[in-house]
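Undergrad: What follows is a structure written as structure tokens; I'll ask about it next.
Residue numbers (the working numbering), protein chains in the order written: chain A, 36 to 106; chain B, 5 to 264.
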């Protein structure tokens, strides 16, 4: 299992393939990149960087989107 | 007849809206009903919340609501601190639609009343970062003035607590806030039915934001239609200028010319 890393994804630990980019990760999760905002270690990632940013062991990732809401 | 939706646009932060009704997208049992209700309300601006993607069954609001049809106003609902609200606002902006945010910092979980000090702090930070901030607040004039000073494009006092449907509990303070502020005043939260919306607009405010009044009605689409008319009616009545209220009867037919 040397080629997997452990990340925290939306508050839950998850093992993912080492070398995975953010784009790969969203693809794996079947998420549309245009509808999701990614925060990594409390820093928002620009969408243009999803292809180049590689997920690292111990990363804390938050994937958020818009849901119904009023006040 | 004058139609306020056509002749007198609502301008917030340089953006023109024909409708003075802003609606939320929460608490609908059915998303098709939600879209139909929003269309029936005539609202152009709709609020959305920012939440974690549910990785087991991901459905966001944009799967059902076309962002080219409506102006999306993301909120910071559920945030209890300045830092949290700023974080949510930044995430909302990164979604890439606009730099607008409906700022809410809640101070008490039971009443959902705002933490006004934290709201003012968050407003300053976000305005400094280039956000167009519409700030939810209580019906306190001094807080409203501070939020305007902080650079908010709109101040949004509550009519009564979020989701309560109690209507406007303090019309005097709502009028005072409207009288003293230059930015648009949008009453946010507490409107329960059409008469509440009408009375709120009769105070002279620029618009109303509502969610539960529609989502919680037996027939949200019909209530949305009623609210559209009520907002119109209240606006027209305000512009028309009401007669003075008197605690005595004054006949409206001639007192002379009666038969002998």
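C-beta atoms are modelled at their ideal positions from N, C-alpha and C, and glycine is treated no differently. Since the model is a prediction, treat every value here as computed from it, not as a measurement.
(1) For residue 67(B), count neighbouring Cβ atoms within 10 angstroms of its own Cβ and tell me buried if that reaches 16, exposed if not.
(2) Return the chain-ordered ranges of every alpha helix (DSSP H) run that is complete within the stretch 35-98 of chain B and spans a minimum of 4 residues.
(3) If contact is defined by three or more beta carbon pairs under 8 angstroms, each pair taking one atom from either stretch, is the stretch 225-240 of chain B in contact with the stretch 190-202 of chain B?
(4) Output, in sequence order along the chain, the residues in the stretch 54-80 of chain A whose CB is closer than 9 angstroms to any CB in chain B.
(5) With a threshold of 8 angstroms between beta carbons, is residue 30(B) in contact with chain A?
(6) Based on DSSP bridge pairs, tell me the residues matched to residue 14(B).
(7) Please list the terminal residues of the continuous beta strand (DSSP E) segment that includes residue 139(B).
(8) Starting from the beta carbon of residue 271(B), find every residue of chain A whose beta carbon is closer than 7 angstroms, and list them in chain order.
(9) For residue 256(B), count neighbouring Cβ atoms within 10 angstroms of its own Cβ and tell me buried if that reaches 16, exposed if not.
(10) Taking 8 angstroms as the cut-off, decide whether the C-beta atoms of residue 69(A) and residue 30(B) are in contact.
(11) 8 angstroms is my cut-off, CB to CB: does residue 83(A) come that close to chain B?
(12) Is there contact here, the stretch 69-83 of chain A with the stretch 92-106 of chain A, by at least three beta-carbon pairs under 8 angstroms?
(13) With DSSP run on the structure shown, which of helix, strand or coil describes residue 128(B)?
(14) Since residue 44(B) contacts residue 225(B) with CB under 8 angstroms, what's their CB separation in whole angstroms?
(15) Residue 79(B): beta carbon under 7 angstroms from a heavy atom of the ligand NAD?
(16) Starting from residue 227(B), follow the alpha helix (DSSP H) in both directions and report where the run begins and ends.
(17) Pull up the distance between the alpha-carbon of residue 63(B) and that of residue 102(A), whole angstroms please.
(18) With distances taken Cα to Cα, identify the nearest neighbour of residue 221(B) among 15(B), 38(B), 24(B), 17(B).
(19) Spatial neighbours of residue 38(A) within its chain, please: C-beta separation below 7 angstroms, excluding the five flanking residues on both sides.
(20) What are the complete alpha helix (DSSP H) segments, minimum 4 residues, inside the stretch 43-101 of chain A?
(21) Spell out whether any CB of chain B is found under 8 angstroms from the CB atom of residue 97(A).
(22) Roughly how many whole angstroms lie between the Cα atoms of residue 73(B) and residue 50(B)?
(23) Could you check which residue in 187(B), 65(B), 156(B), 60(B) has the C-alpha nearest to that of residue 53(B)?
(24) Based on the DSSP output, what are the partners of residue 39(A) in its beta bridges?
(25) Are residue 209(B) and residue 189(B) closer than 8 angstroms when you measure CB to CB?
(26) Starting from the beta carbon of residue 140(B), find every residue of chain A whose beta carbon is closer than 7 angstroms, and list them in chain order.
(27) Name the chain A residues that come within less than 8 angstroms of residue 52(B), Cβ to Cβ?
TA: Taking the geometry as given:
(1) Counting from 1 along the second chain, the entry for residue 67(B) is found at position 63. Exposed.
(2) 35-45, 86-98
(3) yes
(4) 64, 65, 66, 67, 69, 70, 71, 72, 73, 74, 77, 79, 80
(5) Counting from one through the second chain, the residue named residue 30(B) turns up at place 26. So, interface residue.
(6) Position 10 of the second chain, counting from 1, holds the residue named residue 14(B). Answer by DSSP bridge pairing, in chain order: 21(B).
(7) Along the second chain, one-based indexing puts residue 139(B) at 135. 136-141 is the span of the beta strand (DSSP E), which, as asked, contains residue 139(B).
(8) Because chain B spans 5 through 264 in this model, residue 271(B) falls outside it and cannot be assessed.
(9) By one-based count along the second chain, residue 256(B) stands at place 252. By the neighbour-count rule (16 or more Cβ atoms within 10 Å), residue 256(B) is not buried but exposed.
(10) The residue given as residue 69(A) occupies position 34 in the first chain. The residue given as residue 30(B) occupies position 26 in the second chain. The answer is no: Cβ separation not under 8 angstroms.
(11) Mapped onto the first chain, residue 83(A) falls at position 48. It does not; no Cβ of chain B falls within 8 angstroms.
(12) yes
(13) Taking the first residue of the second chain as 1, we reach residue 128(B) at position 124. Reduced to three states, the DSSP call for residue 128(B) is helix.
(14) Residue 44(B) sits at position 40 when you count from the first residue of the second chain. Residue 225(B) sits at position 221 when you count from the first residue of the second chain. Right, the Cβ-Cβ distance comes to about 5 angstroms (below 8 angstroms), so this counts as a contact.
(15) The ligand content of the structure shown is nil, which means the ligand NAD is not present either.
(16) Within the second chain, the letter at position 223 stands for residue 227(B). Residue 227(B) -> alpha helix (DSSP H) spans 224-244.
(17) If you number the second chain from 1, residue 63(B) lands on position 59. If you number the first chain from 1, residue 102(A) lands on position 67. Roughly 8 angstroms between the two C-alpha positions.
(18) Indexing the second chain from 1 puts residue 221(B) at position 217. The shortest C-alpha separation from residue 221(B) is found at 38(B).
(19) For the purposes of this step, residue 38(A) is taken as residue 3 along the first chain, with counting starting at 1. For residue 38(A), where only same-chain residues beyond five positions count, the Cβ hits under 7 angstroms are 52, 53.
(20) 57-63
(21) In the first chain, counting from the first residue as 1, residue 97(A) sits at position 62. It does; some Cβ of chain B falls within 8 angstroms.
(22) Stepping through the second chain from its first residue, residue 73(B) is reached at position 69. Stepping through the second chain from its first residue, residue 50(B) is reached at position 46. Their Cα atoms are separated by approximately 10 angstroms.
(23) Along the second chain, read from residue 1 onward, the residue named residue 53(B) stands at position 49. Closest option to residue 53(B), Cα to Cα, is 65(B).
(24) Within the first chain, residue 39(A) is the residue found at index 4, counting from 1. Residue 39(A) pairs with 52(A).
(25) Position 205 of the second chain, counted from the first residue, corresponds to residue 209(B). Position 185 of the second chain, counted from the first residue, corresponds to residue 189(B). For residue 209(B) and residue 189(B), yes; Cβs fall inside 8 angstroms.
(26) Position 136 of the second chain, counted from the first residue, corresponds to residue 140(B). The answer, in chain order, is 106.
(27) Numbered from its first residue, the second chain carries residue 52(B) at position 48. Simply 101, 102, 103, 104.
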